[in-house]
Amino acid sequence: MKTTLFTLMTILGLALPADALDIKAIASKPTADNPQDDNKKAWPMLVGDEYFSKQEWPKARLLIWPHADKSFGRGDPRPDPTDPASWIDAATGKPANTALDMNTDLILPDAEKPYKISFKGQKNRACRHLTVGKNAVFEPGGGGSIAVFGNVWIRPGGRFYVYRTLILAGDGNTFFRNEWPADGKLKKLHDTGAITSFDPANPRKPNPWGWRATKVSTVCHFFVHDKPKGTSEFIGFSGTRDEVAIKAGTLIVGRDSRFLCGGAASLSIRKDGTIALMDGAMTGKSCNQFGVCLGMQGGAITAGTPDRPIKRDARLGVGYSNWMNLSFPDQNVGRRGNAYDYGRFSANVSGKLIGYPAKGSDARLVFGWQRISAGGGGRGVKATDGFNRVFAKLQPKITIWMSADTQVENVRFEDLHRGGIVLPGAAVVEKWKNVTYGDGCLSKDPGELIREYKGKINRGRPMEKLTPDKKYISP
Numbered sequence: 000m001k002t003t004l005f006t007l008m009t010i011l012g013l014a015l016p017a018d019a020l021d022i023k024a025i026a027s028k029p030t031a032d033n034p035q036d037d038n039k040k041a042w043p044m045l046v047g048d049e050y051f052s053k054q055e056w057p058k059a060r061l062l063i064w065p066h067a068d069k070s071f072g073r074g075d076p077r078p079d080p081t082d083p084a085s086w087i088d089a090a091t092g093k094p095a096n097t098a099l100d101m102n103t104d105l106i107l108p109d110a111e112k113p114y115k116i117s118f119k120g121q122k123n124r125a126c127r128h129l130t131v132g133k134n135a136v137f138e139p140g141g142g143g144s145i146a147v148f149g150n151v152w153i154r155p156g157g158r159f160y161v162y163r164t165l166i167l168a169g170d171g172n173t174f175f176r177n178e179w180p181a182d183g184k185l186k187k188l189h190d191t192g193a194i195t196s197f198d199p200a201n202p203r204k205p206n207p208w209g210w211r212a213t214k215v216s217t218v219c220h221f222f223v224h225d226k227p228k229g230t231s232e233f234i235g236f237s238g239t240r241d242e243v244a245i246k247a248g249t250l251i252v253g254r255d256s257r258f259l260c261g262g263a264a265s266l267s268i269r270k271d272g273t274i275a276l277m278d279g280a281m282t283g284k285s286c287n288q289f290g291v292c293l294g295m296q297g298g299a300i301t302a303g304t305p306d307r308p309i310k311r312d313a314r315l316g317v318g319y320s321n322w323m324n325l326s327f328p329d330q331n332v333g334r335r336g337n338a339y340d341y342g343r344f345s346a347n348v349s350g351k352l353i354g355y356p357a358k359g360s361d362a363r364l365v366f367g368w369q370r371i372s373a374g375g376g377g378r379g380v381k382a383t384d385g386f387n388r389v390f391a392k393l394q395p396k397i398t399i400w401m402s403a404d405t406q407v408e409n410v411r412f413e414d415l416h417r418g419g420i421v422l423p424g425a426a427v428v429e430k431w432k433n434v435t436y437g438d439g440c441l442s443k444d445p446g447e448l449i450r451e452y453k454g455k456i457n458r459g460r461p462m463e464k465l466t467p468d469k470k471y472i473s474p
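So for the sequence shown, numbering that gives the first Met the number 0 puts the first residue at 0; every next one is plus one.
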């Protein structure tokens, strides 16, 4: 009898009565499923050309988490987010009866105190629109991934983190809104283009752009954008802890926003993928690493779009490698090369680098150093005191491999060493349009910044090591 009574109390405690949840008040606020983007107070950054504001969505099931302000003691049973009955169906006011899917909208309401929803196990999951309210933490955990087919809105004070892979999918034009941290420090670094330096005396000094320091802004471990007919516009600041793959569709980094790839990983743009950076936007790495930070396999990186031209520069940033051919102590020597070797590229580019300036504007796609030295050589080096002292002497200049088929237009290159752009033939440059060389380049002569590669090429990539000629390694 006692067991039966306890079970009954548990069920009643977890199945919140409909009248205890103010569904109308929760659903009437601006949310991912009901953004109300004509509300200037809720959307002060919009100018009216955003694609997602024109997107129409069919009505879908809306589920609300009803346990936001509920207290649980040690040993108390907690609601299972994988159980549909743990959610309230906004249309009926009753517990849901079918599992979450790609046509389900979710709201984690604002709360007075922090609460967390975690999915356990290896299963992959999906939803359409997702709103993560103040003090809510949504963590699809374990080895599973989540595919989001609609908008994501992470309110200030909320957090969304996927322990495996976050996939943005579907055919819609969507937004992913994650506000800049409220203290304004990172936004100021972004707006001013401030440098995050490397201190050999304190190599573990926290990197303000790293995932440990920006847990609210870090939204997943791996990230995949796979929307052949759709776009996703990131607003605010979001980043990953590892690899980023733009498989298909267009990832837009909104005005004065930033999207960063973290860890010892690379930003990969496949042939059907595009990153479009709007006015004042930036994408790149959150830390330095020796080797490729950006790989483009026929895709595109643009500043603006043909119908959304820019009036201010947008920035593409990468890290830098051992272009000065310095000798690093205390390192292991590998048979197939080492991370600290001379001649490693910061970026392999094949595709399109294009700026779309507004009429009368000289705004450009700026391709240069990411202005973050924190991280040093990254994975593949032994970060001893000796290594750190030598790394601090390495100037932040980048090396880019540009395939012959790359279209370059309205681009300003910065932070190049002599020979920093490596090409399969000098004549390739003649096809480029409106290209300039700006701050941080070690020569004002474009001819000195270009290096012709005459070795073997396979699949558009050089197969032979570059030789450390003195003119190319001198500061």
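All C-beta atoms, glycine included, are put in the ideal place defined by N, C-alpha and C. These numbers were taken from a predicted model, which means no experiment stands behind them.
Of the choices the options, whose alpha-carbon is the least far from that of residue i?
i	options	result
GLY272	CYS292, ALA299, THR383	ALA299
ARG370	TYR355, LYS396, ASN347	LYS396
ASN177	LEU188, PHE159, LYS187	PHE159
LEU470	ASN409, TRP322, SER349, ASN331	Checking the displayed sequence, the identity of residue 470 turns out to be Lys instead of Leu. The residue with the shortest Cα to Cα distance from LYS470 is TRP322.
ASN347	PHE366, ASP190, LEU99	PHE366
PRO94	MET101, ILE251, ARG60, VAL243	ARG60
ARG417	VAL428, ASP404, ASP468, LEU129	ASP468
GLY495	ASN123, ALA110, PHE148	The displayed coordinates of the chain run from 0 to 474. Any statement about residue 495 would go beyond what the structure contains.
GLY297	LYS115, SER267, GLY318	SER267
PRO108	ALA181, ILE116, VAL147	ILE116
THR249	GLY261, LYS226, GLY235	LYS226
GLY192	ASP312, ILE166, ALA212, GLY74	ASP312
ALA403	VAL410, LYS351, THR383	LYS351
LEU293	ALA275, CYS260, LEU325	CYS260
THR91	LYS23, VAL410, PRO29, LEU45	LYS23
THR239	SER256, GLU232, VAL218	VAL218
TYR114	ASP104, ASP68, ALA89, VAL147	ASP68
ALA89	VAL147, ILE25, TRP56, ASN134	ILE25
THR81	LYS122, LYS270, LYS187	LYS122
LYS204	TYR436, SER372, LYS464, ASP21	SER372
GLY120	GLY140, LEU105, VAL46	GLY140
I'd like to know whether the C-beta atoms of residue i and residue j end up nearer to each other than 8 Å.
i	j	result
THR164	ASN150	no
MET281	ARG254	no
ALA408	ILE353	Here residue 408 turns out to be Glu, not Ala, going by the sequence shown. Their beta carbons are under 8 Å apart, which means GLU408 touches ILE353 by this criterion.
SER237	SER265	no
LYS184	PRO207	yes
SER360	LYS310	yes
SER285	VAL317	no
ILE145	ARG127	no
PHE222	SER256	no
ASN331	LYS381	yes
LEU315	LEU364	yes
Report the CB separation of residue i from residue j in whole angstroms; it is logged as a contact under 8 Å.
i	j	result
TRP400	VAL421	5 Å
GLY143	PHE118	6 Å
ALA31	TRP152	4 Å
THR301	TYR50	About 14 Å; that fails the 8 Å criterion.
PRO461	TYR452	5 Å
HIS482	ILE245	Residue 482 is absent from the model: the chain starts at 0 and stops at 474.
PHE289	GLY385	With a Cβ gap of about 16 Å, PHE289 and GLY385 do not count as contacting.
LEU448	GLY419	6 Å
VAL389	LEU441	Incorrect: roughly 20 Å between the Cβ atoms, too far for contact.
ALA212	ILE251	Not confirmed; about 25 Å, so no contact.
LEU62	THR103	6 Å
Would you kindly report the start and end of the unbroken beta strand (DSSP E) that includes residue i?
i	result
GLY272	266-276
PRO404	A small fix is needed here, since residue 404 is Asp in this sequence, not Pro. No beta strand (DSSP E) holds ASP404; DSSP gives it neither H nor E.
PHE386	That residue, PHE386, is in no beta strand (DSSP E); its alpha helix (DSSP H) goes 384-390.
ILE145	145-147
ASN321	It is not in any beta strand (DSSP E) - ASN321 carries neither H nor E in the DSSP assignment.
GLY379	Counting along the chain, GLY379 falls outside any beta strand (DSSP E), and DSSP gives it neither H nor E.
GLY283	281-284
GLY294	293-295
ASP104	103-107
THR130	129-131
TRP368	364-368
ILE153	151-153
GLU138	135-139
ILE116	114-118
GLY248	243-252
PHE299	According to the sequence displayed, residue 299 carries Ala and not Phe. Taken as a continuous stretch (DSSP letters only), the beta strand (DSSP E) holding ALA299 covers 299-302.
ALA125	124-126
LEU259	257-260
Looking at the secondary structure, which residues open and close the alpha helix (DSSP H) in which residue i lies?
i	result
LYS469	469-472
Taking only beta-carbon atoms, is residue i less than 8 Å away from chain D?
i	result
ILE194	Looking for chain D here will not work: only one protein chain is present.
Should residue i be counted as a contact of the ligand GDP given a C-beta to heavy atom distance under 7 Å?
i	result
ASP104	Ligands displayed in this structure: none; no statement on the ligand GDP is therefore possible.
Please specify which runs of the alpha helix (DSSP H), each continuous and at least 4 residues long, are wholly inside the segment 6-78, giving them in chain order.
22-27
For the segment 422-451, list the beta strand (DSSP E) runs that are entirely contained and at least 3 residues long, ordered along the chain.
432-436, 449-451
For the segment 155-235, list the alpha helix (DSSP H) runs that are entirely contained and at least 4 residues long, ordered along the chain.
184-191
As an exercise, report each continuous beta strand (DSSP E) stretch of at least 3 residues that is fully enclosed by the segment 320-355, in chain order.
346-348, 351-354
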